[in-house]
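Student: Using the numbering used here, read the sequence shown as starting at 15 and increasing by one per residue.
The beta-carbon is built from N, C-alpha and C at its ideal position, and this holds for glycine as well.
Mind looking over this structure? Questions follow.
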Amino acid sequence: MPSLKIDHCVIHVSDWARSNHFYAAVMGAEVVPRQKGFAYKFGDFLLNCHGPGVVAKAVARVPVAPGGSDLCFEWPGPLDEAIAHLNARDVAIELGPVATRGAKGEAVSVYFRDPDGSLLEFMSYAKP
């Protein structure tokens, strides 16, 4: 079997303007307009969005509600840079830094929320 890679995930947002601003300014996403609504592009990964005015053709058996997601993003440098980044944008940190383990092994993470309350994580594999 070939090695699989996640192409995209789906979140649900309740306010396009608020979420577009957050995901661009805090998360560094490229906001991509779609037929209805938006998606957030991170390099070769896409975060598709359901939200106001969007009726998806195919949905999960129990579609995710606004605030119902839990996503981890790898921070490319030391975690103290991620913390400074969040502080500079007035994003409250809920937990961290804490020792965690990700796909690449031992790491350290900080947790925060998007405007709808979905749990987000910046994880760093950088050695202190």
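Can you list, in chain order, the residues of its chain whose CB lies under 7 Å from that of Asp58, leaving out five sequence neighbours each side?
Tutor: For the purposes of this step, residue 58 is taken as residue 44 along the sequence shown, with counting starting at 1. Answer for Asp58: no residue qualifies.
Student: Could you spell out where the alpha helix (DSSP H) holding Ser83 opens and where it closes?
Tutor: Walking along the sequence shown from the start, residue 83 turns up at place 69. Premise fails: Ser83 is in no alpha helix (DSSP H) and is neither H nor E.
Student: Count the other CB atoms within 10 Å of the CB of His26; is the residue buried (16 or more) or exposed (fewer)?
Tutor: Counting from 1 along the sequence shown, the entry for residue 26 is found at position 12. Per the 10 Å Cβ criterion, buried.
Student: Are there three or more Cβ pairs, one per stretch, closer than 8 Å when the segment 74-86 is compared with the segment 131-139?
Tutor: Segments in contact, yes.
Student: In whole angstroms, what separates the C-alpha of Phe52 from that of Ala121?
Tutor: Along the sequence shown, one-based indexing puts residue 52 at 38. Along the sequence shown, one-based indexing puts residue 121 at 107. C-alpha separation (whole angstroms): 31 Å.
Student: With 16 other CB atoms within 10 Å as the buried threshold, where does Ala106 fall?
Tutor: If you number the sequence shown from 1, residue 106 lands on position 92. The residue is exposed, with fewer than 16 neighbouring Cβ atoms inside 10 Å.
Student: Tell me the DSSP secondary structure of Arg75 in three-state form.
Tutor: Residue 75 sits at position 61 when you count from the first residue of the sequence shown. In this structure, Arg75 counts as coil in the three-state DSSP scheme.
Student: I need the boundaries of the alpha helix (DSSP H) containing Tyr125, first residue and last residue.
Tutor: Start at 1 with the first residue of the sequence shown, and residue 125 comes out as number 111. Careful: Tyr125 lies outside any alpha helix (DSSP H), inside the beta strand (DSSP E) at Gly119 to Arg127.
Student: If you count every other CB in all the chains shown that lies within 10 Å of the CB of Cys23, and 16 or more means buried, which is it?
Tutor: Along the sequence shown, one-based indexing puts residue 23 at 9. Exposed: under 16 other Cβ atoms inside 10 Å.
Student: Would Gly116 and Glu95 qualify as a contact pair, given that the criterion is a beta-carbon distance under 9 Å?
Tutor: In the sequence shown, counting from the first residue as 1, residue 116 sits at position 102. In the sequence shown, counting from the first residue as 1, residue 95 sits at position 81. Contact flag unset, no.
Student: Taking DSSP as the reference, what is the three-state secondary structure of Tyr54?
Tutor: In the sequence shown, the residue the question calls residue 54 occupies position 40. In the structure shown, Tyr54 sits in a strand (DSSP, three-state: E or B).
Student: Is DSSP giving Ile20 helix, strand or coil here?
Tutor: Here residue 20 refers to the residue found at position 6 of the sequence shown. Coil at Ile20, not helix or strand.
Student: Can you check which of these residues, Phe126, His99 and Val78, is closest to Val112 by C-alpha distance?
Tutor: Translated into the one-based positions of the sequence shown, residue 112 becomes position 98. Answer by Cα proximity: Phe126.
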